[in-house]
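Read the structure below first, then the notes.
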């Protein structure tokens, strides 16, 4: 894959929020910190509402309650790794016990 193909690489996944408190401030902070490690542009979508995954305000405004489904989309050289990592964080309850 050449440089232009890497820049255009896209990935997407849909994940269910399974922790008891949903996408609250601490969970949103973890998600934003993780997303910020990647070069890819990453966006979240919930019920048609979009947010930049690297923006704490955008992520908090999604109001992701338990059971909500988030679609994570990445575009850029490490898009697949970013989407997979964010999906793993969501599936692991953001590191919370419940």
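Numbering (the working numbering), first residue to last: 4 to 101.
Yeah, the Cβ is synthetic: ideal placement off N, Cα and C, and Gly gets one too.
query, result
"Based on DSSP bridge pairs, tell me the residues matched to residue 47.", "54 and 75"
"Below 9 Å between beta carbons: does that hold for residue 38 and residue 56?", "yes"
"On the CB-based measure, 16 or more other CB atoms within 10 Å of its CB, does residue 73 come out buried or exposed?", "buried"
"Determine the closest residue to residue 93 out of 82, 77, 71 and 78, with distance taken between C-alpha atoms.", "71"
"Can you give the beta carbon distance from residue 45 to residue 75, rounded, assuming they're within the 8 Å contact cut?", "7 Å"
"Tell me, please, which residues DSSP counts as bridged to residue 18.", "73"
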